[in-house]
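Order-wise, the sequence lines are chains A and B.
Last residue of the first sequence: 218 in our numbering, with the numbers rising by one and none dropped.
Last residue of the second sequence: 218 in our numbering, with the numbers rising by one and none dropped.
Glycine included, C-beta positions come from ideal geometry on N, C-alpha and C.
All values derive from a computational prediction rather than experimental measurement.
2 protein chains.
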Amino acid sequence: MRYPKGSRRKPSSNSIQPKQNKHQTKDAHANRGMTLEKDINETNHYYLESEQAVIHKKPTPVQVVNVDYPKRSAAVIKEAYYQKPSTTDFNGLYRGYHIDFEAKETKNKQSIPLSNIHDHQVEHMKRIDKHGGITFFIIRFSKMETTYLLPLQPFLKMWEAQQNGGRKSIPHDYIAENGYVIPFRLQAKVDYLKVVDDVFINGGEIT
Amino acid sequence: MRYPKGSRRKPSSNSIQPKQNKHQTKDAHANRGMTLEKDINETNHYYLESEQAVIHKKPTPVQVVNVDYPKRSAAVIKEAYYQKPSTTDFNGLYRGYHIDFEAKETKNKQSIPLSNIHDHQVEHMKRIDKHGGITFFIIRFSKMETTYLLPLQPFLKMWEAQQNGGRKSIPHDYIAENGYVIPFRLQAKVDYLKVVDDVFINGGEIT
Numbered sequence: 012m013r014y015p016k017g018s019r020r021k022p023s024s025n026s027i028q029p030k031q032n033k034h035q036t037k038d039a040h041a042n043r044g045m046t047l048e049k050d051i052n053e054t055n056h057y058y059l060e061s062e063q064a065v066i067h068k069k070p071t072p073v074q075v076v077n078v079d080y081p082k083r084s085a086a087v088i089k090e091a092y093y094q095k096p097s098t099t100d101f102n103g104l105y106r107g108y109h110i111d112f113e114a115k116e117t118k119n120k121q122s123i124p125l126s127n128i129h130d131h132q133v134e135h136m137k138r139i140d141k142h143g144g145i146t147f148f149i150i151r152f153s154k155m156e157t158t159y160l161l162p163l164q165p166f167l168k169m170w171e172a173q174q175n176g177g178r179k180s181i182p183h184d185y186i187a188e189n190g191y192v193i194p195f196r197l198q199a200k201v202d203y204l205k206v207v208d209d210v211f212i213n214g215g216e217i218t
Numbered sequence: 012m013r014y015p016k017g018s019r020r021k022p023s024s025n026s027i028q029p030k031q032n033k034h035q036t037k038d039a040h041a042n043r044g045m046t047l048e049k050d051i052n053e054t055n056h057y058y059l060e061s062e063q064a065v066i067h068k069k070p071t072p073v074q075v076v077n078v079d080y081p082k083r084s085a086a087v088i089k090e091a092y093y094q095k096p097s098t099t100d101f102n103g104l105y106r107g108y109h110i111d112f113e114a115k116e117t118k119n120k121q122s123i124p125l126s127n128i129h130d131h132q133v134e135h136m137k138r139i140d141k142h143g144g145i146t147f148f149i150i151r152f153s154k155m156e157t158t159y160l161l162p163l164q165p166f167l168k169m170w171e172a173q174q175n176g177g178r179k180s181i182p183h184d185y186i187a188e189n190g191y192v193i194p195f196r197l198q199a200k201v202d203y204l205k206v207v208d209d210v211f212i213n214g215g216e217i218t
């Protein structure tokens, strides 16, 4: 059974939630499910401070419709909308390599849904791969407290199967078989550069 | 004569203006001075489509304070503020190299002010340089319709001089001597990768 490409994609509720609020937010759900992102941000900060890598989260794209410019104070955005990111959430530089990845977590035990990964994000990652960058997913099964690095190629097998009417999620077993467990360290809660070393750089996946 | 570091920095009016509005904006000044950014975005789009490079503008960081979640429609941001970017405006991947740059334009003829370049942006670029990336400024003198690529090193000379009480702008002459004119092409209005090839890759500035 085949479906027209893209027709099964539900609007992502994650993509319309605010991220990284320093001020108090009036929305109680703002930080729901954002533990992985927070852990990666802290890890990236540690990598930066210890001079191992320069990797940042990109700001969430916002479409601004209305702005006030009060005298003697900062511009106030009065109406704006979250936009779907056209690239990945994180990118940067490590040992001369361009690093580019997307992070997703789920409370499911059996699988992670593909519904909030967007076509153009996958297209972006294919381009990064083609131009000599290192690209992958970081996937956390939060109930099991297990975080994996899944390279693009095994991801694409499931993604393309889905586009041909296959399952709408990637089984945990598949990720465990084709991905790599990311070690937890106190200073680097998602110590993914260790895996990048082993798999991509020393492992010869990239030259 | 020395000044305490940072005390002479005026708030940047550019940094509090909306960028990339698809919807109509009520602010008449929204796109003031944004020609260079637009030209670079178009150039990057051409590089992407012609499979030469994957380089994007990062979204402007916005601090969201208040969001409405109306039923059956998208979240509406009701109060938010522009933040100073902590990194550069553009980054990406070209021939396996990480590319990271900042773009500035001025209507002045004699010099470009340093006032809307931030400390943390310069620190970021020093890190990129150290970790094996290619980093530079694209500077346009819009009255002369001339656009330069200025590598980080000659920029730093002027930047550090400024921090020690030196002049608060970089003279056009200095940029002409230490930078490279970026050729204009119809499809790539700011064809900076041509200069990146000549200066950094073939020119041996990076290996």
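Where Val207(A) meets chain C, residues with beta-carbon distance less than 7 Å: No chain C is present in this structure, whose protein chains are A and B.
Residue-chain proximity (Arg138(A), chain B), Cβ-Cβ < 7 Å: Along the first sequence, one-based indexing puts residue 138(A) at 127. Residue contact with chain B for Arg138(A): present (Cβ-Cβ distance below 7 Å to some residue of chain B).
Reducing DSSP to helix, strand and coil, say where His67(A) ends up. In the first sequence, the residue the question calls residue 67(A) occupies position 56. Here His67(A) sits in strand by DSSP.
Is it the case that the segment 119–126 of chain B contacts the segment 82–89 of chain B, given that we only count it when at least three CB pairs across the two stretches are under 8 Å? The answer is no - the segment 119–126 of chain B does not touch the segment 82–89 of chain B, with fewer than three Cβ pairs under 8 Å.
Does the segment 141–150 of chain A touch the segment 103–110 of chain A, meaning 3 or more C-beta pairs lie closer than 8 Å? Yes, the segment 103–110 of chain A is in contact with the segment 141–150 of chain A.
Kindly indicate which three-state DSSP category Ala85(A) falls into: helix, strand or coil? On the first sequence, residue 85(A) is found 74 positions in, with the first residue counted as 1. In the structure shown, Ala85(A) falls within a coil segment according to DSSP collapsed to helix, strand and coil.
Range of the contiguous alpha helix (DSSP H) that encloses Lys141(B): In the second sequence, counting from the first residue as 1, residue 141(B) sits at position 130. For Lys141(B), the uninterrupted alpha helix (DSSP H) segment begins and ends at 130–141.
Rounded separation between Ile212(B) and Phe148(B) - CA only: Residue mapping note: residue 212(B) aligns to position 201 of the second sequence, counting from 1. Residue mapping note: residue 148(B) aligns to position 137 of the second sequence, counting from 1. Spanning the two alpha carbons is a distance of roughly 17 Å.
Of all the residues that make up the segment 90–116 of chain A, which are near chain B by a beta-carbon distance shorter than 9 Å? Those residues of the segment 90–116 of chain A that come within reach of chain B (Cβ to Cβ, closer than 9 Å) are Glu90, Ala91, Tyr92, Tyr93, Gln94, Pro96, Ser97, Thr98, Asn102, Gly103, Leu104, Tyr105, Arg106, Gly107, Tyr108, His109, Ile110, Asp111.
At 8 Å on the CB atoms, spell out the chain A contacts of Ile88(B), in chain order. In the second sequence, residue 88(B) corresponds to position 77, counting from 1. In chain order, Pro29, Val73, Ile88, Glu90, Ala91, Tyr92, Tyr93 make up the part of chain A whose C-beta sits under 8 Å from the C-beta of Ile88(B).
Using a Cβ-Cβ distance cut-off of 7 Å, determine whether Val133(B) contacts chain A. By 1-based counting over the second sequence, the position of residue 133(B) is 122. At a cut-off of 7 Å between beta-carbon atoms, Val133(B) makes no contact with chain A.
Nearest by alpha-carbon distance to Val207(A): which of Ala199(A), Glu216(A), Lys200(A) is it? In the first sequence, counting from the first residue as 1, residue 207(A) sits at position 196. For the options Ala199(A), Glu216(A), Lys200(A), the alpha carbon positioned closest to that of Val207(A) is the one of Glu216(A).
Can you tell me whether DSSP reads Ala187(B) as helix, strand or coil? Here residue 187(B) is taken as the residue at index 176 of the second sequence, counted from 1. DSSP places Ala187(B) in helix when its eight states are reduced to three.
Name the DSSP beta bridge partners of Pro96(B), please? Numbered from its first residue, the second sequence carries residue 96(B) at position 85. Pro96(B) has no beta-bridge partner at all, per DSSP.
Kindly indicate which residue of Ser84(A), Lys120(A), Asp79(A) has the alpha-carbon position closest to the one of Thr240(A). Residue 240(A) falls outside the range modelled here, since chain A spans only 12 to 218, and no answer is possible.
C-alpha distance - Ala41(A) paired with Val76(B), whole-angstrom precision: Along the first sequence, read from residue 1 onward, the residue named residue 41(A) stands at position 30. Along the second sequence, read from residue 1 onward, the residue named residue 76(B) stands at position 65. Its pLDDT being 40, under 50, Ala41(A) is placed unreliably in this model, and the value from its coordinates should be taken loosely. C-alpha separation (whole angstroms): 11 Å.
Give me the Cα-Cα distance between Tyr105(A) and Gln173(B), rounded to the nearest whole angstrom. To locate residue 105(A), count along the first sequence from 1; it is residue 94. To locate residue 173(B), count along the second sequence from 1; it is residue 162. When rounded, the distance between both Cα atoms is 31 Å.
Counting only beta-carbon separations shorter than 7 Å, does Lys49(B) have a partner in chain A? Start at 1 with the first residue of the second sequence, and residue 49(B) comes out as number 38. By this cut-off, Lys49(B) is not an interface position.
Along the chain, where does the beta strand (DSSP E) that runs through Leu197(A) open and close? On the first sequence, position 186 is the one that residue 197(A) refers to. No beta strand (DSSP E) contains Leu197(A), which DSSP labels as neither H nor E.
Cutoff 7 Å: His56(B) Cβ touching any chain A Cβ: Residue mapping note: residue 56(B) aligns to position 45 of the second sequence, counting from 1. At a cut-off of 7 Å between beta carbons, His56(B) makes no contact with chain A.
Which term fits Gly176(B), buried or exposed, when burial requires 16 or more other beta carbons within 10 angstroms of its beta carbon? In the second sequence, the residue the question calls residue 176(B) occupies position 165. Label assigned to Gly176(B): exposed.
Mapping the DSSP letters down to three states, classify Glu48(A) as helix, strand or coil. Locating residue 48(A) in the first sequence gives position 37, counting from the first residue. Reduced to three states, the DSSP call for Glu48(A) is helix.
Just the chain B side, please: which residues come within less than 9 Å of Pro70(A) by C-beta, in chain order? Taking the first residue of the first sequence as 1, we reach residue 70(A) at position 59. Within 9 Å Cβ-Cβ: Lys69, Pro70, Thr71, Pro72, Val73, Gln94, Pro96.
Could you tell me how far apart the beta carbons of Pro70(A) and Thr71(B) are, in whole angstroms, since I believe they sit closer than 8 Å? One-based indexing of the first sequence puts residue 70(A) at position 59. One-based indexing of the second sequence puts residue 71(B) at position 60. Taking 8 Å as the upper bound for CB-CB distance, Pro70(A) and Thr71(B) are in contact here, some 7 Å apart.
If we count the other Cβ atoms within 10 Å of its Cβ and call it buried at 16 or more, is Pro162(B) buried or exposed? Residue numbering aside, residue 162(B) sits at position 151 when the second sequence is read from its first letter. Around the beta carbon of Pro162(B), a 10 Å sphere encloses 16 or more other beta carbons of the protein chains shown; the residue is thus reported as buried.
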